[in-house]
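A.B. asks: Numbering (our numbering), first residue to last: 1 to 134.
(1) Hey, residue 123 and residue 77 are a contact pair by Cβ (cut 8 Å); roughly how many whole angstroms apart?
(2) For a quick check, are the C-beta atoms of residue 108 and residue 23 less than 8 Å apart?
(3) Tell whether a beta-carbon distance below 8 Å holds between residue 98 and residue 70.
(4) Does the separation of the CB atoms of residue 52 and residue 81 fall below 8 Å?
(5) Less than 8 Å between CB atoms is the rule here; does residue 130 satisfy it with respect to chain C?
(6) For my contact list, residue 40 and residue 48 are in at a C-beta cut-off of 8 Å; report their separation, rounded to the angstrom.
(7) Contact defined as beta carbons within less than 8 Å: I believe residue 106 pairs with residue 16. What is the distance between those atoms, to the nearest angstrom?
(8) Count the other C-beta atoms from every protein chain shown that fall within 10 angstroms of the C-beta of residue 54, then say buried if there are 16 or more, exposed otherwise.
(9) Note down the Cα distance separating residue 96 from residue 130, rounded to an integer number of angstroms.
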């Protein structure tokens, strides 16, 4: 209990939740840049928990065929580059849809978020090249 109380005291003293809210807005703005990628779809979430949808067709929002496992390819590329993401599929009616979710620590810096988005941009570039997109 003492350790838990110390953590809560620290979070209150350092105003971690207010800082995390502002950090989440910054991260959301940075992730919006991924929409410019050929497979970049919706960016959504709350606070520092953010997800990015990957689409086959940006105009129609058509999903990739599930057997292509784009979400796993992105996960592998990001991991190879030093970033862990939570891969997800079945976002569209439980059968189709690729996305990944981020959940960085509440104390993440803007510089670290910039680096994270740079890694994601490179990972998406690799996947898109492999898949013959854009």
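Even glycine gets a Cβ: it sits at the ideal position worked out from N, Cα and C. If you're wondering where the values come from, they're calculated on a predicted model, not measured in any experiment.
C.D. replies: The short version:
(1) Separation of the CB atoms of residue 123 and residue 77 is rounded to 4 Å, and the pair is thereby assigned contact status at 8 Å.
(2) A distance below 8 Å separates the beta carbons of residue 108 and residue 23.
(3) Yes. Within cutoff.
(4) In this structure, residue 81 does not lie closer than 8 Å to residue 52 by Cβ.
(5) Absence of chain C from the displayed structure is noted, only one protein chain being present.
(6) Actually they do not touch by this definition, with Cβ atoms about 20 Å apart.
(7) Correct: roughly 5 Å between the Cβ atoms.
(8) Residue 54 should be labelled buried.
(9) So the two alpha carbons sit approximately 20 Å from each other.
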